[in-house]
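Report on the structure given below.
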Amino acid sequence: VAKQFDNGALSGLNIHITAGPTREPLDPVRYISNHSSGKMGYALAEAAIDAGANVKLISGPVNLPAPAHVERVSITTAEDMLEASLEGISNCNIFIACAAVADYRPTSIAEHKIKKGNEEIMELHLVKNPDIVATIAARVDKPFTIGFAAETRDVLSYAQGKLERKNLDMIIANDVSQAGIGFNSDENAVTLVTRDTHIEIPQTSKRQLATLLIEQISQLYKTSK
Ligand code: CTP
Ligand code: CA
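Under UniProt numbering, residues 177 to 401 are what the sequence shown spells out, in order.
What follows is the structure, given as structure tokens:
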């Protein structure tokens, strides 16, 4: 069985990919999370392996097997995802942030199960999580850095804003207001946004999309060098 292509488009390159949701515990039995399936990030990991890359997949809790030849690091919280993403970062050529990171986490984790009180309203206190992709892109030894933007309105302008604010090289904009694409689905339709190009990729399977994205990413990576 061929392990991977020796002369693929990403041959010899180290790629880190974040995938899936993060899970932020409230107490020993409860957490805050989201419906990310991890499918897009896992499909990108497979496509990058097929293109000859060495892939580290930093994954939140998902129901997917680790793709063949991928080094999977399983994490739970955003803070753990950041720590795992930074490990080996100085040798990382391309960083792809596909994870749906929880923007906030509970300010503290209760040691025991939180009991129901008499009050009808309960308040939770949350604190902002670190921005993983922005932390990576702020480094002096910044890899070629790619983010995703799942939006329900003003998709391109929000994506453009994130590209600039987070100092990304590319952002993949995703309209999740339409049923059947994006979040927790098998298909996706995206616009690939860089500082000087917009490339529309119509609805297709996440696996097919992953192959197309990896082709575009490797071309842009090479022209950036
Ligand atoms: N991201 C990240 N760390 C975070 C939040 C987001 O690395 N704490 C990454 C995501 O993986 C994605 C990109 O940033 O690649 C955009 O995520 P998104 O949630 O769309 O952006 P936010 O900056 O969190 O803005 P908002 O949720 O308000 O739209
Ligand atoms: Ca967010």
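Beta carbons: idealized from backbone N, C-alpha and C, even for Gly. All figures in this text were calculated on a predicted structure; none of them were measured in a lab.
Practice item. Say yes only if the C-beta of Asp279 is nearer than 7 angstroms to one or more non-hydrogen atoms of ligand 2, and no if none qualify. Key: Checking the Cβ of Asp279 against ligand 2 gives yes.
Cα separation between Ala273 and Leu233?
Approximately 10 angstroms between the Cα atoms of the pair.
Would DSSP call Met298 helix, strand or coil? In this structure, Met298 counts as coil in the three-state DSSP scheme.
**Study point:** Segment contact, 8 angstroms Cβ cut-off, at least three pairs: the segment 250–268 with the segment 311–327
**Key:** In this structure the segment 250–268 lies against the segment 311–327, because at least three pairs of beta carbons, one per stretch, are closer than 8 angstroms.
| So what's Ile357 in DSSP terms, helix, strand or just coil? | Assigned with DSSP and collapsed to three states, Ile357 falls in strand.
_According to DSSP, is Ile225 part of a helix, a strand, or is it coil?_
Helix at Ile225.
Excluding sequence positions up to five away, which residues of its chain have a Cβ less than 6 angstroms from the Cβ of Cys268? Here Cys268 has Asn190, His192, Pro319 as same chain residues with Cβ atoms under 6 angstroms from its own Cβ, once five neighbours each way along the sequence are excluded.
Among the candidates Ile208, Asp226, Gly323, Ala276, whose CA atom is the shortest distance from the CA of Pro282? Of the listed residues, the one whose Cα sits closest to Pro282 is Ile208.
Worksheet entry | Coarse secondary structure for Ala349, derived from DSSP in three states | In this structure, Ala349 counts as strand in the three-state DSSP scheme.
Starting from Thr380, follow the beta strand (DSSP E) in both directions and report where the run begins and ends. Looking at the DSSP string, the run of the beta strand (DSSP E) that includes Thr380 is 374–381.
| Ala365 beta carbon near ligand 4 (any heavy atom closer than 7 angstroms) | With respect to small molecules bound, the structure shown includes ligand 1 and ligand 2 and not ligand 4.
- [ ] Would you give the residue range spanned by the beta strand (DSSP E) that Lys232 belongs to?
- [x] Taken as a continuous stretch (DSSP letters only), the beta strand (DSSP E) holding Lys232 covers 230–235.
*Which whole runs of the beta strand (DSSP E) in the segment 234–292 are 3 residues long or more, in chain order?*
Counting whole runs of 3 or more residues, the segment 234–292 contains the beta strand (DSSP E) stretches 247–250, 270–273, 280–282.
* Asked: Is the Cβ-Cβ distance between Pro241 and Gly196 less than 8 angstroms?
  -> No, the pair does not count as a contact, with Cβ atoms beyond the cut-off.
Backbone secondary structure at Leu189 - three-state DSSP: In the three-state DSSP reduction, Leu189 falls in the coil class, being neither helix nor strand.
**Asked** Whose C-alpha, out of Ile348, Asp256, Val277, is nearest the C-alpha of Val369?
**Response** It is Ile348.
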